[in-house]
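Visitor:
There are 2 protein chains.
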Amino acid sequence: MDVSEMYHDEFYSFLTGRVSTAIGRRLQRNFKLIGLNITAEQWSVLYFLWNAEGISQQELARLTFRDKPSISRLISNLEKQKLLVRVNGSGDRRMNQIYLTAQGHRIKDKCMAQAEKTISEAMSGVDTESMRQAQALLEIVFNNLK
Amino acid sequence: MDVSEMYHDEFYSFLTGRVSTAIGRRLQRNFKLIGLNITAEQWSVLYFLWNAEGISQQELARLTFRDKPSISRLISNLEKQKLLVRVNGSGDRRMNQIYLTAQGHRIKDKCMAQAEKTISEAMSGVDTESMRQAQALLEIVFNNLK
DNA sequence: GGCTAAAAGTTGTTGATGCAATTAAAAGAT
DNA sequence: ATCTTTTAATTGCATCAACAACTTTTAGCC
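Chains A and B supply the protein sequences, listed in that same order.
146 is the number that full-length UniProt numbering gives the last residue of the first sequence; the numbers go up by one with no jumps.
146 is the number that full-length UniProt numbering gives the last residue of the second sequence; the numbers go up by one with no jumps.
1) Using a Cβ-Cβ distance under 8 angstroms, would B:A134 count as near chain A?
2) If you draw a straight line from the C-alpha of A:R66 to the C-alpha of A:N96, how long is it?
3) According to the neighbour-count rule (16 or more other Cβ atoms, all chains shown, within 10 Å of its Cβ), is B:V45 buried or exposed?
4) To the nearest angstrom, how far is the alpha carbon of B:K80 from that of A:C111?
5) Quick one: what does DSSP say A:I98 is sitting in, helix, strand or coil?
6) Residues in its own chain within less than 7 angstroms of A:W50 by CB, not counting five upstream and five downstream?
7) Who are the neighbours of A:A122 on chain B, taking C-beta pairs under 7 angstroms?
8) For a quick check, are the C-beta atoms of B:L145 and A:E121 less than 8 angstroms apart?
9) Can you check whether the CB of B:N30 is closer than 8 angstroms to the CB of B:T118?
10) At a Cβ threshold of 8 angstroms, is A:A22 touching chain B?
11) Compare the beta carbon distance of A:L84 and A:G104 with 8 angstroms and say whether it is the shorter of the two.
12) Strictly below 9 angstroms CB to CB, what residues from chain A border B:S44?
13) How big is the Cα-Cα spacing for A:R86 and A:S56?
14) Quick test of your reading: B:A136 and A:F142, contact by CB under 8 angstroms. State the CB separation rounded to the nearest angstrom.
15) Just reading off the beta strand (DSSP E) that B:R86 is part of, what are its end residues?
16) What would DSSP say about A:S124, mapped onto helix, strand or coil?
17) Would you mind giving the Cβ-Cβ distance between B:Q28 and A:Q133, rounded to the nearest angstrom? I have them listed as a contact below 8 angstroms.
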């Protein structure tokens, strides 16, 4: 599409990601609301670990669309909070395999409930079909840029 | 809409803002490509100043959807780079009025060209009508959360 | 006018990001 | 078997964000 067809507000909003910022803030606020002291970014790492424990930091970087240093530090903070542990790779010793602690498992349901609450709040007044179409468009944009 | 109707990927993508992250990175990369050493966040401040010089930091915070400390530091960095200056408010001395330097004005066209380039790259293969609908949806979401 | 409350900015702390450079271990090449 | 190249992770540096606490100046109120 042609840029000249965009309004100023759309132009600005598109490039700065105001909506994503708002969603991220609300997510973190909803965690805090029930006494969960984790950040939205930490949640994004845990999200994949709840599904597939023992994966490497490299793999987490790929899944969460972050670079290796970011993951390294996110993992360090999560380790400090005793939500997961690094285990030195048995076969390949360059690699760390990441495992959740009991506490890391325990908070899953509460976290996911707040994540769903956040989506419900965000999606108020939005119909499913519009959402489908918007998601499809965002997928195209993502593939254009990644 | 109901959360249970979302796919896993959509759910994750929505809450983490992968697309916005990708857009922000590309924008910054496109600035760097032509030798402009400004961040995407700095651009978002300049964007409003190119339109309305002399506004306060408070006003910039409102416009860019950031808090006052964030704006304070963004302004400090932009001042270090000699792109703008703080002028102590003539009427109300609590306030700073922000003015662009000659250099701040000079980079406008180059910055906006790269911003438009970024949108073109992102929007490849997207038709205007789909974009309109997606923007309308994001506007609803933003108003739900702001 | 003088006291209190509100508003505009700043600073400190902690967590996150991007990029570049580095370390350690594995894989490939000859 | 040794040397070189890749790969996984970490560290350093600069910037940005959220939250809380603080300073300075203005506004409100009696």
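Cβ atoms here follow ideal geometry from the backbone N, Cα and C, with glycine treated the same way.
Bear in mind that the values here come from a model prediction, so they are computed numbers and not experimental data.
Guide: With the given structure in hand:
1) For B:A134, the answer is yes, since a Cβ of chain A falls inside 8 angstroms of its Cβ.
2) Roughly 17 angstroms separates the two Cα atoms.
3) Buried, by the Cβ-count rule.
4) Distance between the alpha carbons of B:K80 and A:C111: 41 angstroms.
5) If DSSP states are grouped into helix, strand and coil, A:I98 belongs with the strands.
6) Around A:W50: K108.
7) In chain order: V141, N144, L145.
8) Yes, they are a contact pair.
9) Going by C-beta atoms, B:T118 is nearer than 8 angstroms to B:N30.
10) For A:A22, the nearest CB of chain B lies under 8 angstroms from its own CB, placing it at the interface with that chain.
11) Against a cut-off of 8 angstroms, the Cβ pair of A:G104 and A:L84 comes out as a contact.
12) What B:S44 touches in chain A: Y12, L15, T16.
13) If I take the Cα positions, the gap works out to 9 angstroms.
14) Between A:F142 and B:A136 the Cβ distance is about 20 angstroms, and since that is not below 8 angstroms, they are no contact.
15) Taken as a continuous stretch (DSSP letters only), the beta strand (DSSP E) holding B:R86 covers 84-88.
16) In the three-state scheme derived from DSSP, where H, G and I count as helix and E and B as strand, A:S124 is classed as coil.
17) Actually they do not touch by this definition, with Cβ atoms about 29 angstroms apart.
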